[in-house]
Amino acid sequence: MDVTTARERLEDMLAELDRSIGVLQGDPVAVREHSAADAGSDLTDADRAQAMLTVATAQRRAVIEALKRLEEGAYGRCVDCGKPVPEGRLEARPEAARCVQCQSKKERRH
Ligand SMILES: [Zn+2]
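Take the numbering used here: the last position of the sequence shown gets the number 110, and nothing is skipped along the way.
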């Protein structure tokens, strides 16, 4: 994936995440639109929104870091081992910071 495509996809993701985070945080306009489509929300929905907000915030951070790596010319290389992240992985997750091996190592540590 070339740098221009990567940047476009990351910027799209960032805009989308900003929108979702706005909805989840209860931006008045977004909430009005949201509750029209999703009437009868209860505490479970609030819990789910909180969980989604956590995921969206973490992903937003990953996208911003990926954009920073693009700026620095380090995009597409694993932040842990420095090897190129496979193209297919970047296609699926343009914000991926690690190759599959380092990512699974990191996840096992948790
Ligand atoms: Zn790696």
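Just so it is clear, CB atoms sit at the ideal spot from N, CA and C, and this is done for glycine as well.
Here the structure is a predicted model, which means the values were calculated and not measured.
Short of 7 Å in beta carbon distance, which residues of its chain neighbour residue i, apart from the five on each side in sequence? Order them along the chain.
i, result
"Arg-102", "Note that residue 102 corresponds to Cys in the displayed sequence, not to Arg. Hits under 7 Å: Cys-78, Asp-80, Cys-81."
Helix or strand or just coil, what does DSSP make of residue i?
i, result
"Arg-108", "helix"
"Arg-89", "helix"
"Arg-69", "helix"
"Arg-98", "coil"
Please work out which residues of its chain come closer than 6 Å, Cβ to Cβ, to residue i, disregarding the five sequence neighbours upstream and downstream, and give them in chain order.
i, result
"Ala-49", "Leu-24"
"Met-13", "Val-63"
Among residues of its own chain, excluding the 5 on either side of residue i, which ones have a beta-carbon nearer than 8 Å to its beta-carbon?
i, result
"Leu-70", "Val-3, Ala-6, Arg-7, Leu-10"
"Glu-95", "Leu-10, Met-13, Gln-59, Ala-62, Val-63, Glu-65, Ala-66"
Do the CB positions of residue i and residue j come within less than 8 Å of each other?
i, j, result
"Ala-97", "Glu-65", "yes"
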